[in-house]
Ligand SMILES: Cc1ncc(C[n+]2csc(CCOP(=O)(O)OP(=O)(O)O)c2C)c(N)n1
Ligand SMILES: [Mg+2]
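Chains as they are written, first to last, in my numbering: chain A, 1 to 360; chain B, 1001 to 1321.
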């Protein structure tokens, strides 16, 4: 499987073209979603330090390109199982900063209404299934989404993300085997951020998981996970193949967890040089340089993003805490309406073009 | 009304519901051409094809996990575990993914998981278990366990139509031993208890195969009038029906085939102690399988599963109290 993407070492030159399918607006949008992700998570970390975010706080600092780039390649009718370093995917699908910050603070207006915390959420109305803690359970759920698409002969694709650490558990195997066997339209994005909590790669596996893919009968592709355009392009190609009946793809996004596992973690087990080396490959710096070269007004974009986060913060802080009297509600559903995953935003220009072509 | 075995009633429920609703499909190990380890889906693949009668790899986590995915985009999977025991390998997907989805995210998971359960025929430690209490303890799942052919069909139809994950315990020992009249067509049986026999002196609470044990044990008990309540549904537990029966008879004997500690019957006992105390005229008694793996060899197995004699003895003691 010859998927052309940037190499794993991040040698992609600023301004270089990783995908021919992106307009300048698309490339700016990729930057915008990454800035939103980083900005919201930084804001949430401040709120955490102020005691306004209960529990713990997890972020995806340095990994923004992975979820933003890959979610950007997904169509409105596709479905996503989003993991804990992937805030960008929620943003691409159209979840607002206010509802995300409300989620972190356990507010009634947060995505789960305070029933689950931090990044454990998914707005099903925009096609996202929120993760459970058990890793990588969502690989099987994504496989099931794809199984339904195939059974109904729909041209749709499922995608999910998961970390290097979770490839050691059995559900990784069950999902890879199942998806390969049934040739399902699903994309597995392995975010190799060098660590599973404190455990480095060399204590996790003897063979890199990307190489296991062919053992399950489908391609594994290594991608520069710090380049949103490379992530986009690899995902776009995987999706195209999936929709055409070519089966699953495993994308291994090479990246680095630049913060501790969660807010409490000082990362004393990570060599300083490793962090420094990856800081040079910061995905936002790279995309910013790229679109600046192409004439985009990045300063205005940054202002717009900051304003959106400021407004979202105010809105979230004004949200009520949930009513304790509702704590035992909503264990079982007994309504009449069919509640299933809905369509989300799909901002890539290619979908708009496709829609025009279809006469929509 | 046709007469069917318990097993035929289960097949009939699925076959008719699949004809009626194209969203419904069955998935499991060896359920296609082979028709399932117990032949519950015999002939299904010919009628519905291999997509809707899906032979899966040997992967219980995969079965439940992919069913969840299919359900949240609008299908209604019925998962067959080859034996209830193997649900332990799919436990996480059921308890953590399916069970908590609606509470956490407002997204219901319409799946049914069929568990051929129970002992009595030398299945040994891994083909005889009654794991219902695991799922009673985990929020977000309904748990039902029919004892008759009529209820097997009606409860299964209700389970498939219920918007929530439903664990459906079908007792293997009843598959071909129990027969009864089963209404034609599709009907739903509510997740409530059923009075299997009216009585005034004592109530025996049971579900699944133990309903038959309880009926036989108390058929002729020195002329005593013994009520037998078939719980049918463990989640939700029909608390009002349980308390109403205690109010009437003042004596409660609870029979579980499952291991005793924290079994379904323990919850019934706790309920009666808490809210039926004033009505009691004797201790709440239990008969259950001791907390051991189910042994293989017939004399060992018969020594631990609740028998007609053990239930008789416990009922007599309680009547004399
Ligand atoms: C099955 C399971 N065991 C343990 C944990 C606790 N835990 C949470 S995240 C984590 C590390 C995950 O590492 P990785 O999969 O590489 O993802 P990353 O956090 O690096 O993105 C662990 C051990 C868990 N969530 N799930
Ligand atoms: Mg990791």
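Note that CB positions come from ideal geometry on N, CA and C, so glycine has one too.
Residue i and residue j closer than 9 Å at C-beta
{"i": "residue 246 of chain A", "j": "residue 217 of chain A", "result": "no"}
{"i": "residue 69 of chain A", "j": "residue 227 of chain A", "result": "yes"}
{"i": "residue 1218 of chain B", "j": "residue 1248 of chain B", "result": "no"}
{"i": "residue 1201 of chain B", "j": "residue 1131 of chain B", "result": "no"}
{"i": "residue 163 of chain A", "j": "residue 191 of chain A", "result": "yes"}
{"i": "residue 131 of chain A", "j": "residue 90 of chain A", "result": "no"}
{"i": "residue 1070 of chain B", "j": "residue 147 of chain A", "result": "yes"}
{"i": "residue 116 of chain A", "j": "residue 323 of chain A", "result": "no"}
{"i": "residue 55 of chain A", "j": "residue 41 of chain A", "result": "no"}
{"i": "residue 1139 of chain B", "j": "residue 1090 of chain B", "result": "no"}
{"i": "residue 1214 of chain B", "j": "residue 1255 of chain B", "result": "yes"}
{"i": "residue 105 of chain A", "j": "residue 296 of chain A", "result": "no"}
{"i": "residue 287 of chain A", "j": "residue 65 of chain A", "result": "yes"}
{"i": "residue 1318 of chain B", "j": "residue 1176 of chain B", "result": "no"}
{"i": "residue 58 of chain A", "j": "residue 196 of chain A", "result": "no"}
{"i": "residue 341 of chain A", "j": "residue 79 of chain A", "result": "yes"}
{"i": "residue 1195 of chain B", "j": "residue 1230 of chain B", "result": "yes"}
{"i": "residue 1165 of chain B", "j": "residue 1110 of chain B", "result": "yes"}
Residue i versus the options, residue with shortest Cα-Cα distance
{"i": "residue 1031 of chain B", "options": "B/1013, B/1065, B/1021 and B/1081", "result": "B/1081"}
{"i": "residue 53 of chain A", "options": "A/31, A/110 and A/72", "result": "A/110"}
{"i": "residue 276 of chain A", "options": "A/240, A/242 and A/258", "result": "A/258"}
{"i": "residue 1113 of chain B", "options": "B/1065, B/1121, B/1107 and B/1124", "result": "B/1065"}
{"i": "residue 186 of chain A", "options": "A/193, A/158 and A/195", "result": "A/158"}
{"i": "residue 1018 of chain B", "options": "B/1097, B/1033 and B/1044", "result": "B/1044"}
{"i": "residue 1126 of chain B", "options": "B/1296, B/1311, B/1228 and B/1226", "result": "B/1296"}
{"i": "residue 1083 of chain B", "options": "B/1311, B/1129 and B/1263", "result": "B/1129"}
{"i": "residue 133 of chain A", "options": "A/123, A/118, A/124 and A/125", "result": "A/118"}
{"i": "residue 331 of chain A", "options": "B/1101, B/1039 and B/1025", "result": "B/1101"}
{"i": "residue 326 of chain A", "options": "A/114, A/165 and A/149", "result": "A/114"}
{"i": "residue 285 of chain A", "options": "A/23, A/24 and A/35", "result": "A/35"}
Chain B residues whose Cβ lies nearer than 8 Å to that of residue i
{"i": "residue 331 of chain A", "result": "1102, 1103, 1139 and 1140"}
{"i": "residue 165 of chain A", "result": "Here the premise fails: no neighbours, minimum Cβ distance about 16 Å."}
{"i": "residue 148 of chain A", "result": "1069, 1070, 1073, 1074 and 1075"}
{"i": "residue 212 of chain A", "result": "Under the 8 Å cutoff, chain B gives no residues; its nearest Cβ is about 16 Å from residue 212 of chain A."}
Contact list for residue i against chain A, beta-carbon separation under 8 Å
{"i": "residue 1059 of chain B", "result": "174, 177 and 178"}
Buried or exposed by the 16-neighbour rule on C-beta atoms within 10 Å, applied to residue i
{"i": "residue 1192 of chain B", "result": "exposed"}
{"i": "residue 1011 of chain B", "result": "buried"}
{"i": "residue 145 of chain A", "result": "buried"}
{"i": "residue 1314 of chain B", "result": "buried"}
{"i": "residue 283 of chain A", "result": "buried"}
{"i": "residue 1001 of chain B", "result": "exposed"}
{"i": "residue 153 of chain A", "result": "exposed"}
{"i": "residue 269 of chain A", "result": "exposed"}
{"i": "residue 1292 of chain B", "result": "exposed"}
{"i": "residue 1060 of chain B", "result": "buried"}
{"i": "residue 272 of chain A", "result": "exposed"}
{"i": "residue 250 of chain A", "result": "buried"}
{"i": "residue 198 of chain A", "result": "exposed"}
{"i": "residue 46 of chain A", "result": "exposed"}
{"i": "residue 266 of chain A", "result": "exposed"}
{"i": "residue 2 of chain A", "result": "For residue 2 of chain A, the predicted model reports a pLDDT of 35, less than 50, meaning its position is unreliable; a value from the coordinates is still stated below. Counting Cβ neighbours within 10 Å, residue 2 of chain A comes out exposed, since fewer than 16 surround it."}
{"i": "residue 279 of chain A", "result": "exposed"}
{"i": "residue 1277 of chain B", "result": "exposed"}
{"i": "residue 291 of chain A", "result": "buried"}
Inter-residue CB distance, residue i and residue j (contact presumed, cutoff 8 Å)
{"i": "residue 1136 of chain B", "j": "residue 1267 of chain B", "result": "7 Å"}
{"i": "residue 1005 of chain B", "j": "residue 1149 of chain B", "result": "6 Å"}
{"i": "residue 1232 of chain B", "j": "residue 1265 of chain B", "result": "Contact flag wrong, Cβ pair sits at about 14 Å."}
{"i": "residue 1118 of chain B", "j": "residue 1257 of chain B", "result": "6 Å"}
{"i": "residue 1145 of chain B", "j": "residue 1174 of chain B", "result": "10 Å between Cβ atoms; not a contact."}
{"i": "residue 1186 of chain B", "j": "residue 1020 of chain B", "result": "6 Å"}
{"i": "residue 135 of chain A", "j": "residue 183 of chain A", "result": "Between residue 183 of chain A and residue 135 of chain A the Cβ distance is about 25 Å, and since that is not below 8 Å, they are no contact."}
{"i": "residue 1190 of chain B", "j": "residue 1158 of chain B", "result": "7 Å"}
{"i": "residue 1228 of chain B", "j": "residue 1263 of chain B", "result": "Actually they do not touch by this definition, with Cβ atoms about 18 Å apart."}
Under 7 Å from the C-beta of residue i: neighbouring residues of chain A
{"i": "residue 1092 of chain B", "result": "134 and 137"}
{"i": "residue 1030 of chain B", "result": "Ordered by position in chain A, no residue passes the 7 Å Cβ test against residue 1030 of chain B, which lies about 15 Å from the chain."}
{"i": "residue 1271 of chain B", "result": "Going along chain A, no residue has its Cβ under 7 Å from residue 1271 of chain B, so there is no contact; the nearest lies around 18 Å."}
Beta-carbon neighbours of residue i, restricted to chain B and to distances below 7 Å
{"i": "residue 115 of chain A", "result": "1103 and 1104"}
{"i": "residue 141 of chain A", "result": "1065, 1068, 1069 and 1097"}
Contacts of residue i in chain B (Cβ-Cβ under 9 Å)
{"i": "residue 121 of chain A", "result": "1104 and 1105"}
{"i": "residue 151 of chain A", "result": "1025, 1051, 1052, 1054, 1070 and 1075"}
Cβ-heavy atom distance, residue i to ligand 3, below 8 Å
{"i": "residue 1028 of chain B", "result": "In terms of ligand content, the structure shown lacks ligand 3 and carries ligand 1 and ligand 2 instead."}
Can you give me, in chain order, the residues of the stretch 1160–1179 of chain B that have a beta carbon less than 7 Å from any beta carbon in chain C?
The structure shown contains no chain C; the protein chains it does contain are A and B.
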